[in-house]
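Peer 1:
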Amino acid sequence: MRALFFATLLVSAAAIAYEILLMRVLSIVQWHHFAYMIISLALLGYGASGTFIAVNKRWLEPRFDLAFAASGLLFSIAMIACFVLGQRVPFNALEIVWDPRQLISLSVIYLVFFVPFFFAACCIGLAFTCRKSFVSRIYFFDLLGAGLGAVLIVGLLFARPPQDALIVLAVLALVASITVGVRLPPRKALIAMQILWLGALLFGMPQNLLGMRLSEYKGLSQAMQVVDSEVLTASSSPLGLLTVVESPQVPFRHAPGLSFNTRFVPPEQLAVFTDGDSISAITRFDGDFSALAYLGDVTAALPYQLLSEPHALILGAGGGSDVLLALYNGAARIDAVELNPQMTALVRDTYADFAGHLYQDSRITVHTKEARGFVTQSKDHYDLIHVGLLDSFAASGSGLQALNESYLYTVEAIRDYVQHTAPGGMLAITRWLKLPPRDSLKLVATVIEALRKEGVADPGRQLALIRSWNTSTLLVKNGDFTANEIEVIREFSRSHSFDTAFYPSMPASDANRFNILAQAYLYDGVSALLGNDADDFVARYKFHIAPATDNRPYFFHFLKWSALPEFMSLIRRGGAGLIEWGYLILMATLIQATIAGAVLIVLPLSRVKRSWPHGIGTRMGGYFFLLGLAFLFIEIAFIQKFILFLSHPLYSVAVVLSGFLVFAGVGSAYSGRLTQKARQKERSPVDVAVAGISAIALLYLVLLPFLFQQLIGLTDSIKMLFSVLLIAPLAFCMGMPFPIGLSRLADGAPNFIPWAWGINGFASVISASLATLLAIQFGFTTVVLLALGLYVTAASISRNYIR
Amino acid sequence: MKYFVCVFLLLALTAHADDTDYASARMAMLTEVQNYAKLARDTDDATFNDDVMRALATVERHEFVPESEKPFAYENHPLPIGHGQTISQPYIVALMTELIDAKPDDVVLEIGTGSGYQAAILAKLVNHVYSIEIIEALADQARERLARLGYDNVTTKLSDGYYGWEEHAPFDAIVVTAAPSHIPPPLIQQLKPGGRLVVPVGGRFMTQQLLLIEKTEDDEIITRQIAAVRFVPLTGKH
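One line per chain: the protein sequences are H and P, in this order. Letter by letter, the first sequence follows residues 1 to 803 in my numbering. Letter by letter, the second sequence follows residues 804 to 1041 in my numbering.
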């Protein structure tokens, strides 16, 4: 049996690692919006395999070892094959508005990536079904494998590029197949295939076959089309794939918000692309500040006109552009915060000569930290806190960031920043300007809310907003703007042909003078947001510009369902840019998950004999459906919530997913004892478990923001450990209702068990996307409360049956 | 011999049928663009001017798209042309063309030749079009295509568009087909007094707005940002 335990552990580790790897890879080749689709896919694989095994149990049971070994081998092959095939499906997320064929491609991608998870789940499911007497130990190794897999892939992604990590995972699955296969009477075909595949994995896998094929519309792909452009270095980690590109013939000249009036051209730059997009520039600097004169002519230079030799904090240093901006404009001291150590190393080490040894300058201190956590923990007060513009206009403009959680632009974040500005100091945020305005107004709304919460009676006295044709820079002062400062803002704007969009007591005639819009949208918008009817304005505005909060940190989500029909009708007359397509892709994913779940999980169950006591189908079907929804609602909400604490979506997925799996498993193992104890007290064990879930979840809703605030400055590994400890008791309780229901069915309606698995699997598949949609629309707290409601309903409809 | 005659006739008929199909599709596209102009323009003019519509009616868009996209050539939407580039939505092409207010004697600079479609439209309206492309494969294809289709008043080159085309400057109008992070100062310098520069702003498939830069006779710069779509009151009932 040891061989089987070991093989189970390997398959389980490889499966969860592959899930996380795919999230990483699809964020690189496409955009972030695939992350929740992958969770749904993995669950679909598990659900469909459960049904497959239930339907074919009689045939599979006597051939267990062979079926396990074959599934392991197919899992290993499918991991590579689907990685290669999935990237070759011609899918263009940006074109989804125009071309219905893209929806078909999206479905094909979904089905292609389902295959490896199906085979992985077949291995685990077969072990459970055919080796019943060892179920608890198999379960233990399954869960241990999941936990180890998550740790393994994060480590692997630090050490090696994703393609190499993929090979390692495929080898793990193959070793699982061989481990079980060697116990079989020799089967030449199987052995030959295992040996051939091992050889292929270790020696014969062409690197270009495994190469990542980026969407040709990502910034990196576009840059590489230019004559003589060349990738100088590429470094990869879970935090992102950084690609440095040089383009000698057509140099990069990244200078968002540069004035039309400037006489200066940016010097030579290297472009750093994160995950193939989001350009950040490393600018050539040889100590001659006159070459940087263009940095005096961008909207982001405004705060430096108002502050003398400030101590500046740059959040999101990237390739160092904003550090140069601060230096050029006279900052006396600069603290630059960058999350990704590899990004810092590019400026500090690899291209130190090119960047003029910028990070060795005694005025500059570079901190490799997550920005929000750094500010929270900082004891300093800064004259200027500058939030860099690190996302690309293309991604921002096409609404593909709609699903990105961003804890940099929430009410709580702004409060943190404001609290860390010195008296008279400022917060400066530059954003891309869209028409009709979205980001800029949402940011103002968020800032106003933050200032009000800080006790500022008249936030309008502390705000100033200017705009160029494509950027807006918002200043939030710690104190009221003086008449003199307002004059500086006006003069800076006038001399650069930037428009003043707001400053205290600004007359309407001062708006919309240089870059003329059909209406003074920003001035009107900010004035309305500061007025008495602000709530009404936000409610009536066609885009979602209500403040982003830590509970609903979707700063880039602007779509209102009520406006969708109107926007759809405008698509062909220039209105395609009004809609965030990332959000609608999530909708499409939800619909295809529902169809795929119904076809692959529920429909085949019709072949299973249906004979169980009257009423069980509806009652227990509902029970398992609700559990499937509720479990994933909480899990997804926690993944999103822990991004704030763990600094990166991938860390959060790895920690939360494996934490929930492992401790739900422990809870599941304990569920038998709970049932016994509950019976002694004549209570339903489900009620007890649900009471535990509710108590802990409600406590966390109150406690987590406070805990995160206090502990965010700890090192990553300690934070991960702490996260697992936090998840443990909740997951422990959440692991119980499912096996309690199953064990009751085993006594009273065994034929319903495959249906219970199937219905639960189906609910889980749709729940991954549904939870994200609900979180965007209503916030995490609502999703968690909804999940508790589902748990309570499940407990109440099963109460008469489960005792 | 009979066989070859039959095949030739069949091909000729098919080709003719194709041309007819394309012509009728083109007319349908024009009607849609014009109708949308009436509905969506954020200017005083209710429709696009006749010259722009005539240019749109005569340029064969299907000649400017890859084989796989030909069935969709006259759809009023952008299409991929390879290399991460697109041929713009006809409605946006009409809007941009009208915004530069082209006149028969004008000399126009285009930054970003792409498929050559916008250059071909301009070629119908102005004296000469100079067009610069930075992607070699596209530059070659567009040059060959424009020559084959007889657009002899278009000159293309593979080069960095940032510095414009000094030897042919100044220009009556400049069209930049994809928005850079900033407008290159040399382009503004190469604009004639009274000239116009237009840039679509947004992603490849989603133009958000158009930037129109006008240089007055006194060399003063006035810029306007024009929404690609007229958004009915932003705070209206919905």
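Backbone N, C-alpha and C define an ideal beta-carbon position, used for all residues, glycine too.
#1: Determine, for V1004/P, whether the minimum Cβ-Cβ distance to residues of chain H falls below 8 Å.
#2: Give a yes or no on whether the minimum CB-CB distance between V97/H and chain P is below 8 Å.
#3: Using a 10 Å radius around the Cβ and a threshold of 16 neighbouring Cβ atoms, would you call R183/H buried or exposed?
#4: Is it the case that the stretch 155-175 of chain H contacts the stretch 690-700 of chain H, given that we only count it when at least three CB pairs across the two stretches are under 8 Å?
#5: Measuring straight from C-alpha to C-alpha, what distance separates D716/H and A413/H?
#6: Taking C-alpha atoms, which residue in M720/H, L144/H, S321/H, P553/H lies nearest to A13/H?
#7: With a threshold of 7 Å on Cβ separation, who are the neighbours of I797/H within its own chain once the five nearest residues in sequence on each side are excluded?
#8: What are the boundary residues of the beta strand (DSSP E) that includes Q1011/P?
#9: So what does DSSP say about T8/H, is it helix, strand or coil?
#10: Once DSSP output is grouped into helix, strand and coil, what is the label at P883/P?
#11: Leaving aside the five residues before and after N852/P along the sequence, list all residues of the same chain whose C-beta is less than 7 Å from its C-beta, in chain order.
#12: Note down, in chain order, every chain H residue with its Cβ under 7 Å from the Cβ of I937/P.
#13: Under the DSSP definition of a beta bridge, which residues are partnered with Y382/H?
#14: Name, please, each residue of chain H whose Cβ falls closer than 7 Å to the Cβ of R1027/P.
#15: For chain H, check one thing: does any of its Cβ atoms lie closer than 8 Å to the Cβ of Q921/P?
#16: What separation, rounded to the nearest whole angstrom, lies between the Cα atoms of P341/H and A922/P?
#17: Would the stretch 523-537 of chain H and the stretch 496-506 of chain H be scored as touching if the rule is three or more Cβ pairs under 8 Å?
#18: Closer than 8 Å, CB to CB, is W469/H near chain P or not?
#19: Under a CB-based cut-off of 8 Å, is D999/P close to chain H?
#20: For a quick check, are the C-beta atoms of A3/H and T179/H less than 8 Å apart?
#21: Assuming G319/H contacts V387/H (C-beta within less than 8 Å), just tell me the rounded distance between them.
#22: Which residue comes first and which comes last in the alpha helix (DSSP H) that contains R372/H?
#23: Would you list, in chain order, the members of the stretch 238-262 of chain H that have their beta-carbon closer than 8 Å to a beta-carbon of chain P?
#24: With 8 Å as the threshold, decide whether the Cβ of D1021/P is near any Cβ in chain H.
#25: Considering only residues of the same chain and omitting the five flanking positions on each side of I282/H, which have a CB-CB separation below 7 Å?
#26: Return the bridge partner residues of E491/H from the DSSP annotation.
#27: Looking at the structure shown, is L258/H part of a helix, part of a strand, or coil, going by DSSP?
#28: Considering only C-alpha positions, which residue in the set I1016/P, V1032/P, E970/P, V836/P is nearest to L859/P?
#29: Listing by chain order, which chain H residues have their CB less than 8 Å from the CB of D963/P?
#30: Enumerated in chain order, which unbroken segments of the alpha helix (DSSP H) with a length of 4 residues or greater are wholly contained in the stretch 284-368 of chain H?
#31: What does E216/H touch in chain P if you count any residue whose Cβ is under 9 Å from its own?
#32: Count the other CB atoms within 10 Å of the CB of Q676/H; is the residue buried (16 or more) or exposed (fewer)?
#33: Checking the sheet assignment: what are the DSSP bridge partners for P989/P?
#34: What does the alpha-carbon distance come out to for the pair I938/P and E246/H?
#35: If we count the other Cβ atoms within 10 Å of its Cβ and call it buried at 16 or more, is S606/H buried or exposed?
#36: Taking 8 Å as the threshold, find out whether the stretch 135-151 of chain H comes into contact with the stretch 31-39 of chain H through three or more Cβ pairs.
Peer 2: On the basis of the supplied data:
#1: Taking the second sequence and counting its residues from 1, one reaches residue 1004/P at position 201. So yes, V1004/P belongs to the interface.
#2: Residue numbering aside, residue 97/H sits at position 97 when the first sequence is read from its first letter. Yes - at least one Cβ of chain P is within 8 Å of the one on V97/H.
#3: Against the first sequence, residue 183/H aligns to sequence position 183. Classified as exposed, R183/H has fewer than 16 neighbouring CB atoms from the shown chains inside 10 Å of its CB.
#4: no
#5: Translated into positions along the first sequence, residue 716/H becomes position 716. Translated into positions along the first sequence, residue 413/H becomes position 413. D716/H and A413/H: Cα-Cα distance of roughly 20 Å.
#6: The residue given as residue 13/H occupies position 13 in the first sequence. Closest in C-alpha terms to A13/H, from the list M720/H, L144/H, S321/H, P553/H, comes L144/H.
#7: As a working note, residue 797/H is residue 797 in the first sequence. Excluding sequence neighbours, I797/H sits near R619, G622, Y623.
#8: Start at 1 with the first residue of the second sequence, and residue 1011/P comes out as number 208. Residues 1010-1018.
#9: Along the first sequence, one-based indexing puts residue 8/H at 8. Helix at T8/H.
#10: Counting from 1 along the second sequence, the entry for residue 883/P is found at position 80. Reduced to three states, the DSSP call for P883/P is strand.
#11: Numbered from 1 along the second sequence, position 49 holds the residue referred to as residue 852/P. Result list for N852/P: E901, in chain order.
#12: What you label residue 937/P is simply residue 134 of the second sequence in a count that begins at 1. Here the neighbours are V226, V227, V250.
#13: Sequence index remark: in the first sequence, residue 382/H carries index 382 (1-based). Y382/H is bridged to T421/H.
#14: Along the second sequence, read from residue 1 onward, the residue named residue 1027/P stands at position 224. Within 7 Å Cβ-Cβ: I516.
#15: Residue 921/P sits at position 118 when you count from the first residue of the second sequence. With 8 Å as the cut-off, Q921/P does not count as an interface residue toward chain H.
#16: In the first sequence, counting from the first residue as 1, residue 341/H sits at position 341. In the second sequence, counting from the first residue as 1, residue 922/P sits at position 119. Taking the straight line joining both Cα atoms gives about 46 Å.
#17: yes
#18: Here residue 469/H corresponds to residue number 469 of the first sequence, with the count starting at 1. True, the Cβ-Cβ gap to chain P drops below 8 Å.
#19: Working through the second sequence from its first residue, we reach residue 999/P at position 196. Reading the sequence as shown, one finds Arg at residue 999/P and not Asp. Not one chain H Cβ lies under 8 Å of R999/P.
#20: On the first sequence, position 3 is the one that residue 3/H refers to. On the first sequence, position 179 is the one that residue 179/H refers to. Cβ atoms of A3/H and T179/H: closer than 8 Å.
#21: By 1-based counting over the first sequence, the position of residue 319/H is 319. By 1-based counting over the first sequence, the position of residue 387/H is 387. Wrong, their Cβ atoms sit about 16 Å apart, outside the cutoff.
#22: Residue numbering aside, residue 372/H sits at position 372 when the first sequence is read from its first letter. From DSSP, the alpha helix (DSSP H) with R372/H extends over 371-377.
#23: Q249, V250, P251, R253, H254, A255, P256, G257, L258, F260, N261, T262
#24: For the purposes of this step, residue 1021/P is taken as residue 218 along the second sequence, with counting starting at 1. Contact of D1021/P with chain H is not assigned, every C-beta pair being separated by 8 Å or more.
#25: Counting from one through the first sequence, the residue named residue 282/H turns up at place 282. Cβ within range, chain order: Q269, L270, V272, G319, G320, L346, V347, Y351, F354, A355.
#26: As a position in the first sequence, residue 491/H is number 491, starting the count at 1. According to DSSP, which records beta bridges pairwise, E491/H is partnered with nothing at all.
#27: Walking along the first sequence from the start, residue 258/H turns up at place 258. Note: L258/H maps to strand in three-state DSSP.
#28: Taking the first residue of the second sequence as 1, we reach residue 859/P at position 56. Nearest option by C-alpha distance: V836/P.
#29: Taking the second sequence and counting its residues from 1, one reaches residue 963/P at position 160. Within 8 Å Cβ-Cβ: Q249, V250, P251.
#30: 302-306, 321-328, 341-345
#31: For this step, residue 216/H is matched to residue 216 along the first sequence. In chain order: P883, G885, H886, G887, Q888.
#32: Mapped onto the first sequence, residue 676/H falls at position 676. The residue is exposed, with fewer than 16 neighbouring Cβ atoms inside 10 Å.
#33: Taking the second sequence and counting its residues from 1, the one referred to as residue 989/P is at position 186. DSSP, once it has assigned bridges, lists no residue as partnering P989/P.
#34: Against the second sequence, residue 938/P aligns to sequence position 135. Against the first sequence, residue 246/H aligns to sequence position 246. Going by the C-alpha atoms only, they are around 15 Å apart.
#35: Sequence index remark: in the first sequence, residue 606/H carries index 606 (1-based). Exposed: under 16 other Cβ atoms inside 10 Å.
#36: Inter-segment contact for the stretch 135-151 of chain H and the stretch 31-39 of chain H is absent: fewer than three beta-carbon pairs are separated by less than 8 Å.
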